[in-house]
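Engineer: Residue numbers (the working numbering): 53 to 444. Handing you a structure now.
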Ligand SMILES: CC(C)(COP(=O)(O)OP(=O)(O)OC[C@H]1O[C@@H](n2cnc3c(N)ncnc32)[C@H](O)[C@@H]1OP(=O)(O)O)[C@@H](O)C(=O)NCCC(=O)NCCS
């Protein structure tokens with residue numbers, strides 16, 4: 053399909069009906085991992101409805117499902133959990149790096165660079181076989197919480213802590229990031245954190261996953277693909293939205309100010325973070341689930357402030373823009389209640405989505421076709437070259 057250089061853009065678009073800015077609605081590949089459907093099917097991970105998974109499973113089962121293709125039985129889950137514990141160790145190179153990170157660094161930059169270094173320290177890095185990719189994925193699942201928690205603690209003058217062997221991924225994350233573990237409130241928080249990890253784990257060809265697959269399609273190593281994904285996730289139109297939502301709640305401060313705040317922001321044509329979705333125009337099934345948990349956690353903590361601000365913003369957005377909250381919106385309420393530092397919200401998303409990203413990289417490299425789309429040329433038509441000494 054050759055492009056006529058001097059044709060107008062309008063003619064080119066007419067000649068190329070397959071062109072969709074932002075790849076909106078374009079099917080860019082096949083995947084057996086996840087179905088994102090606005091209809092009755094809703095969101096499914098490998099065929100299982102997200103509602104059932106969030107209600108009955110823990111994040112470890114979801115990660116196993118995505119990486120190995122089936123839900124684990126008890127023996128498989130026990131072995132997988134033990135594998136995660138065994139792999140929760142950082143190579144010396146990482147420890148040195150984390151000790152040298154400046155306190156001004158954003159944790160997303162640290163985790164992106166950290167994954168890159170983990171690749172450098174992994175003898176398996178260049179092996180693209182299915183089994184090696186699975187082994188590397190398990191290591192990343194185990195190591196990422198440690199990268200995030202260690203760097204945050206060191207930057208804030210706190211000593212390193214080790215994850216506890218008897219805790220789940222979510223319980224360990226809560227413990228590593230907030231020090232909370234055993235009281236009833238902490239148990240309720242860990243359960244909601246676990247649900248949020250399940251909901252964040254996979255979402256088809258979103259920007260970061262697509263970035264991972266494009267990179268993986270060159271048959272480079274898994275770490276390079278995940279580094280690409282983390283860079284894409286950092287942006288406020290994608291994963292960075294959960295941190296931005298919490299900042300909005302803090303800026304609003306009280307339920308009384310919420311309505312005016314949103315109306316003023318909309319009048320200035322600002323985007324309200326945590327609303328809208330490129331695919332889910334009728335609402336996000338994940339948001340309904342996390343909203344329920346955010347409400348019950350507010351009750352358990354005896355702190356309704358964030359939930360009340362959120363529901364007021366939600367109401368005004370529905371009224372004014374007909375837009376629905378996405379997963380990031382009520383997740384921010386839950387994370388605020390847990391006392392998780394705001395800059396760690398998007399890194400927490402990484403700790404979960406790493407399962408989906410890795411499963412996509414494995415799927416891509418198991419059945420690879422290099423991704424190489426075309427561009428619609430909008431530059432000047434063919435023109436004559438002018439040597440340097442004749443240029444004005
Ligand atoms: C996610 C997002 C990029 C999807 O965008 P999209 O489907 O491509 O929609 P568009 O950018 O084409 O916007 C369509 C219209 O809705 C409006 N809109 C979309 N999201 C909006 C938001 N969060 N707040 C206010 N208006 C919004 C746009 O301004 C535009 O209005 P207009 O037609 O009057 O100009 C967008 O909804 C957004 O920026 N959301 C906030 C960031 C966020 O929460 N990201 C996490 C996604 S899971």
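By construction, the Cβ of each residue, glycine as well, lies at the ideal position given by its N, Cα and C atoms.
Does the distance from the CB of residue 269 to the CB of residue 422 come in under 8 angstroms?
Structural biologist: For residue 269 and residue 422, yes; Cβs fall inside 8 angstroms.
Engineer: Can you say whether residue 210 is buried or exposed, counting buried as having 16 or more other CB atoms within 10 angstroms of its CB?
Structural biologist: That one is exposed.
Engineer: Who are the near neighbours of residue 440 in its chain, counting only those whose CB is closer than 8 angstroms to its CB and skipping five residues on each side?
Structural biologist: Closer than 8 angstroms at Cβ, skipping near neighbours: no residue.
Engineer: Within 10 angstroms of its Cβ, does residue 264 collect 16 or more other Cβ (buried), or is it exposed?
Structural biologist: It is buried - the Cβ of residue 264 has at least 16 other Cβ atoms within 10 Å.
Engineer: Could you tell me if the beta carbon of residue 380 falls within a distance shorter than 7 angstroms of some heavy atom in ligand 1?
Structural biologist: Within the cutoff, so yes.
Engineer: If you run the structure through DSSP and keep just helix, strand and coil, what is residue 100?
Structural biologist: Strand, per DSSP.
Engineer: Checking 8 angstroms against the spacing of the C-beta atoms, do residue 367 and residue 339 come in under that value?
Structural biologist: Cβ atoms of residue 367 and residue 339: not closer than 8 angstroms.
Engineer: Indicate the three-state DSSP secondary structure (helix, strand or coil) for residue 428 in the structure shown.
Structural biologist: Of the three classes helix, strand and coil, the one that applies to residue 428 here is coil, per DSSP.
Engineer: Is there contact between the region 347-360 and the region 320-333, where contact requires at least three CB pairs shorter than 8 angstroms?
Structural biologist: Too few Cβ pairs lie closer than 8 angstroms, so no.
Engineer: Any idea which residues DSSP pairs residue 86 with across the strands?
Structural biologist: Paired residue(s): 97.
Engineer: State yes or no: is the C-beta of residue 114 within less than 8 angstroms of the C-beta of residue 407?
Structural biologist: Contact: yes.
Engineer: Considering only the alpha carbon of each residue, which of 394, 402, 309 and 334 lies closest to residue 361?
Structural biologist: Closest by alpha carbon: 309.
Engineer: Using a Cβ-Cβ cutoff of less than 7 angstroms, which residues in the same chain neighbour residue 443 once the five nearest sequence positions on both sides are dropped?
Structural biologist: Closer than 7 angstroms at Cβ, skipping near neighbours: no residue.
Engineer: Would you kindly check if the distance between the Cβ of residue 158 and the Cβ of residue 244 is under 8 angstroms?
Structural biologist: No, these two residues do not count as a Cβ contact at 8 angstroms.
Engineer: Would you list the residues sitting across from residue 377 in a DSSP beta bridge?
Structural biologist: In DSSP, residue 377 forms a bridge with 327.
Engineer: For residue 325, verify whether its CB is less than 7 angstroms away from any heavy atom of ligand 1.
Structural biologist: It does: the Cβ of residue 325 is within 7 angstroms (strictly closer) of some heavy atom of ligand 1.
Engineer: For residue 460, which of helix, strand or coil comes out of DSSP?
Structural biologist: Past the edges of the chain, shown from 53 to 444, lies residue 460, and the structure says nothing about it.
Engineer: Between the region 95-110 and the region 274-288, do at least 3 Cβ pairs fall closer than 8 angstroms?
Structural biologist: Cβ pair count under 8 angstroms is below three, so no.
Engineer: Can you name, in chain order, every residue of its own chain whose Cβ lies under 7 angstroms from the Cβ of residue 227, other than the five neighbours on each side?
Structural biologist: Counting only Cβ-Cβ distances below 7 angstroms, and skipping sequence neighbours, we find 216, 219 and 233.
Engineer: Would DSSP call residue 414 helix, strand or coil?
Structural biologist: Three-state result, residue 414: helix.
Engineer: Between which two residues does the alpha helix (DSSP H) holding residue 307 run?
Structural biologist: That run of the alpha helix (DSSP H) goes 307-319.
Engineer: Taking the straight line between their C-alpha atoms, what separation do you get for residue 356 and residue 389?
Structural biologist: Distance between the alpha carbons of residue 356 and residue 389: 9 angstroms.
Engineer: If the criterion is Cβ atoms closer than 8 angstroms, does the pair residue 143 and residue 403 meet it?
Structural biologist: No, Cβ-Cβ distance for residue 143 and residue 403 is not below 8 angstroms.
Engineer: Do residue 85 and residue 103 have their C-beta atoms within less than 8 angstroms of each other?
Structural biologist: Cβ distance not < 8 angstroms, so residue 85 and residue 103 don't count as in contact.
Engineer: Can you confirm whether residue 110, when its beta carbon is compared against all beta carbons of chain C, has any partner nearer than 8 angstroms?
Structural biologist: Structure shown: chain C not included; a single protein chain is present.
Engineer: Is it buried or exposed for residue 437, if we count other Cβ within 10 angstroms and need 16 for buried?
Structural biologist: By the 10 Å Cβ count, residue 437 comes out exposed.
Engineer: Taking residue 379 as the reference, which of 392, 401, 373 and 172 has the closest Cα?
Structural biologist: When only C-alpha atoms are compared, the closest one is 401.
Engineer: Helix or strand or just coil, what does DSSP make of residue 257?
Structural biologist: If DSSP states are grouped into helix, strand and coil, residue 257 belongs with coil.
Engineer: Identify, in the order they occur along the chain, each residue of the same chain with its Cβ nearer than 8 angstroms to the Cβ of residue 212, setting aside the five sequence neighbours on each side.
Structural biologist: Excluding positions up to five away in sequence, the list reads 202, 205 and 206.
Engineer: Using DSSP with H/G/I as helix, E/B as strand and the rest coil, what is residue 365?
Structural biologist: Residue 365 falls in the helix class under three-state DSSP.
Engineer: Excluding the 5 residues flanking residue 391 on each side, which residues of the same chain have their C-beta closer than 7 angstroms to its C-beta?
Structural biologist: Around residue 391: 230.
Engineer: By the three-class DSSP mapping on this structure, what secondary structure does residue 173 have?
Structural biologist: The answer is coil: DSSP assigns residue 173 none of H, G, I, E or B.
Engineer: Taking 8 angstroms as the cut-off, decide whether the C-beta atoms of residue 146 and residue 221 are in contact.
Structural biologist: No, these two residues do not count as a Cβ contact at 8 angstroms.
Engineer: For residue 178, which three-state DSSP category applies?
Structural biologist: In this structure, residue 178 counts as coil in the three-state DSSP scheme.
Engineer: Going by DSSP in three states, residue 159 sits in which element: helix, strand or coil?
Structural biologist: If DSSP states are grouped into helix, strand and coil, residue 159 belongs with the helices.
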